[in-house]
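>
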Amino acid sequence: MAISADAAIRAESGAPVEAESVPIAEALGRVTAAAVQAAQDVPHFASSAMDGWAVAGSGPWVVIDVAAPSTGARGLRPGHATPIVTGAVIPPGTTAVLRSEHAVITSASPALGSVSVDPGSLAAPTEPLRPVTPCAATPGASATPDESCEPATARGHLAVSDAAKPGEPFTGQHIRRAGEEAAADETVIASGTLLNPAHIALAALAGRDELSVRAKPRVRFVFSGDEVDSVGVPQSGRVRDTFGPQLPALLEMLGARVLGQRRVGDTLSGTVETLAASIRDAQLVITTGGTGRSSADHLRDALNELDATVLFDGIAVRPGGPTLLARAANGCVVACLPGNPLAAMVGLVITVVPLVRGLGGRASGDLAEVTVGADIAGSGPSALLVPYSLADALAYPSAWRGSAMMRGLADADGLLEVPTGGLRAGQRAIVIGLPWREPALQSQTVGALVSNHYERDIMKISARNQLKGTIVEVTKGATTSHVRIDIGGSIVTASITNEAVDELGLVVGADAYAVVKASDVMVAVD
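For the sequence shown, the positions run 1 to 526 when full-length UniProt numbering is used.
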């Protein structure tokens, strides 16, 4: 039974694999098998968000050293202040933090007068200030303290500078409260989350050393063919192996654990023996070649001898049509790809990629659309999947798209689905992404932005591609305008400063060239 390309992408392929516990440093790119809760409040203590002074009550304040015994449990009494650095524990009794740039510290010593200290020098007040007046407890002081002297721990007087806003410091200012990001036992990462670097950092903040994640699907390869050379330049009648050097690495990139690869000749007994050995410890076996109908193609007979159930046999698309999917008696899934390089890669993209993502607990993703830049003829009873590249926000088919060719796919932005009746320039068409085309590295055109739903800097896009569009709407705000631009049928909304809008004459109906500074524009897709 043959199925459509869309059905192949969504074909039933097995439940996600079991869970395993891994150190957080090894969890990047994995999918959580269980929710992650905070082991304690995040942050777990109140801390300063600024370098400056922890103050208690209203000012001015006497600056003290909270480490001194006379201060009790390292706390502050009303009218006291103490130096503090970013991230330091807030002393008990603190009502706010006065940032160093907004502070003035003076000495009240009759001998010294009132001396203002540069606030910039107080950004990290780790060195003691000189005593405000000689005291017996101060090294070098007389044995009898002066009655007017402050205690030895007093380090001056603190006041709010003219740089501060009225009302500063208000209660709680520049204090990071304990638990303000997450409370103890609160879920911070949901089950089924694809972990990115920020998730790993969050897990560490939550006090977790290991995470429960979906295990990597175990994969084996079986490469068939008597005429294949693994190295060197092949002679006439021989072909170079195009699968062994890249498919295992690609599957590792997709999140699989590749157990190994085997090569088999074009015999039924060899195919049965190799498949049987491969499915014993793998959850997915990927084969290449042997899916045709000639006397040298033995995969169907081998699967039958192994009592495998065929899930589908063939896809209504070219190239890649002779792709089939089966399930062995032990549950192992067998994905059988054609022997021609481009045909195999098309089959892999529309069957193996969503299969591996599903086994790893990840969604396969939705299909996207682009606008076609040239007429493309159909191909009779089957749809075509054609490597395409984007230029000027339009999709153009590669000239190298034969089933045995790799050149077109090597530089492609994705696969373009051409229905049996073909496509006309300007039509919208379905596209399938390529797993090795990281969205952040995709061609910087608006078409790439739209097809992948990623925000993009329109200035860099246009600088590279000289894109031209038509302004369809301009909405002005107090300082920023929202400009809607139609570029090749894709509507992009740009937030641009009013000054730049006026300077460039951006009005409805005008041609829009992205020539303003990159800092003036952010792009979002409608």
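The C-beta atom is built at its ideal place from N, Cα and C for all residues, glycine as well. Note that this is a predicted model, so its numbers are computed, not measured.
1. Go ahead and label Leu342 buried or exposed: buried means 16 or more other beta carbons lie within 10 angstroms of its beta carbon, across all protein chains shown.
2. Grouping DSSP H, G and I as helix and E and B as strand, with all else coil, what is Glu20?
3. So Val22 and Ala54 are in contact, right, with Cβ under 8 Å, and what is the actual spacing, rounded?
4. With burial defined as no fewer than 16 other Cβ atoms inside 10 Å of the residue's Cβ, what is the status of Phe221: buried or exposed?
5. Following the continuous beta strand (DSSP E) through Arg263, name the residue where it begins and the one where it ends.
6. Using a Cβ-Cβ cut-off of 7 Å (strictly less than) and excluding sequence neighbours within five positions of Val507, which residues of its own chain qualify?
7. Report the CB separation of Thr32 from Ile189 in whole angstroms; it is logged as a contact under 8 Å.
8. Can you give me the C-alpha to C-alpha distance between Pro387 and Gly360, rounded to a whole angstrom?
9. Which same chain residues end up closer than 6 Å to Ala35 when comparing Cβ atoms and leaving out the 5 residues on each side of it in sequence?
10. Under 8 Å between the Cβ atoms of Ala425 and Gly378?
11. Between Glu18 and Arg218, what straight-line distance do the alpha-carbon atoms span, to the nearest angstrom?
12. Between the region 241-250 and the region 309-319, do three or more beta carbon pairs fall short of 8 Å?
13. What residue ranges within the region 356-440 form continuous alpha helix (DSSP H) runs of no fewer than 4 residues, ordered along the chain?
14. Can you round the beta-carbon distance between Ser224 and Gly290 to whole angstroms, since I take them to be within the 8 Å contact cut?
15. Per DSSP, which one or two residues make a beta bridge with Gln37?
16. Buried or exposed: Thr323, going by 16 or more other Cβ atoms within 10 Å of its Cβ?
17. Across which residues does DSSP place Phe170 in a beta bridge pair?
18. What does the alpha-carbon distance come out to for the pair Ala38 and Ser47?
19. For the beta strand (DSSP E) containing Glu210, list its first residue and its last residue.
20. Since Arg437 and Gly414 are thought to touch, with beta carbons under 8 Å apart, how far apart are those beta carbons, to the nearest angstrom?
21. Taking three-plus beta-carbon pairs below 8 Å as touching, is the region 266-284 in contact with the region 323-335?
22. Excluding the 5 residues preceding and the 5 following Ala164 in the sequence, name in chain order all residues of the same chain whose CB lies nearer than 6 Å to its CB.
23. His298 to Asp411, Cα distance in whole Å?
24. For Asn498 and Gly509, what's the separation of their Cα atoms in angstroms?
25. Using the Cα positions of Ala256 and Thr267, report the straight-line distance between them to the nearest angstrom.
26. Within its chain, find whatever has a CB closer than 7 Å to the CB of Gly265; leave out the 5 residues flanking it on each side and keep chain order.
27. Over the uninterrupted alpha helix (DSSP H) stretch that includes Ile200, give me the two end residues.
28. By DSSP, does His482 sit in helix, in strand, or in coil?
29. If you draw a straight line from the alpha carbon of Glu20 to that of Val418, how long is it in whole angstroms?
30. What did DSSP end up calling Pro341 once you bin it into helix, strand or coil?
31. Determine the extent of the alpha helix (DSSP H) in which Arg300 is found, giving its start and end residues.
32. So, under 8 Å CB-CB, Gly93 and Leu76 are touching, yes? Tell me the CB distance rounded to an integer number of Å.
33. For Gly509, which of helix, strand or coil comes out of DSSP?
34. Per the DSSP calculation, Pro83 is bridged to which residue(s)?
35. Where do the N-terminal and C-terminal ends of the beta strand (DSSP E) with Thr287 fall, by residue?
Reading from the atomic positions:
1. Counting every other CB atom within 10 Å of its CB across the protein chains shown gives Leu342 a total of 16 or more, marking it as buried.
2. Strand at Glu20.
3. 41 Å between Cβ atoms; not a contact.
4. For Phe221, the number of other beta carbons within 10 angstroms of its own is at least 16, and it is reported as buried.
5. 257-264 is the span of the beta strand (DSSP E), which, as asked, contains Arg263.
6. Closer than 7 Å at the Cβ level, and outside the excluded window around Val507, lie Ile471, Val474.
7. Indeed, because the Cβ distance is near 6 Å, the residues count as touching under 8 Å.
8. Just so you know, the alpha carbons of Pro387 and Gly360 end up roughly 27 Å apart.
9. Cβ within range, chain order: Thr187, Ala190, Ser191.
10. The criterion of a C-beta distance shorter than 8 Å is not satisfied by Ala425 and Gly378.
11. Taking the straight line joining both Cα atoms gives about 11 Å.
12. No, the region 241-250 does not touch the region 309-319.
13. Residue ranges of uninterrupted alpha helix (DSSP H) with 4 or more members, entirely inside the region 356-440 and ordered along the chain, are 407-410.
14. Contact between Ser224 and Gly290 holds: their C-beta atoms lie close to 5 Å from each other, under 8 Å.
15. Note: Gln37 sits in a beta bridge opposite Thr187.
16. Classification for Thr323: buried.
17. By DSSP's assignment, Phe170 forms no beta bridge with any residue.
18. Note on geometry: alpha-carbon atoms of Ala38 and Ser47 lie some 18 Å from one another.
19. Note, Glu210: beta strand (DSSP E), 210-214.
20. Indeed, because the Cβ distance is near 7 Å, the residues count as touching under 8 Å.
21. Yes: the two stretches touch, three or more of their Cβ pairs being nearer than 8 Å.
22. Leaving aside the five residues that flank Ala164 on each side, the residues in its chain whose CB is nearer than 6 Å to its CB run, in chain order, His102.
23. Rounded to whole angstroms, the separation of the alpha carbons of Asp411 and His298 is 33 Å.
24. C-alpha of Asn498 to C-alpha of Gly509: approximately 18 Å in a straight line.
25. A direct Cα-to-Cα measurement between Ala256 and Thr267 gives close to 29 Å.
26. Contacts found: Asp226.
27. For Ile200, the uninterrupted alpha helix (DSSP H) segment begins and ends at 197-205.
28. In the structure shown, His482 falls within a strand segment according to DSSP collapsed to helix, strand and coil.
29. Between Glu20 and Val418, the C-alpha separation is close to 42 Å.
30. Helix, per DSSP.
31. It spans 299-305 - the alpha helix (DSSP H) in which Arg300 sits, taken as one unbroken run.
32. With a Cβ gap of about 4 Å, Gly93 and Leu76 count as contacting.
33. For Gly509, the secondary structure class from DSSP, reduced to helix, strand or coil, is coil.
34. DSSP, once it has assigned bridges, lists Trp53 as partnering Pro83.
35. 284-288 is the extent of the beta strand (DSSP E) around Thr287.
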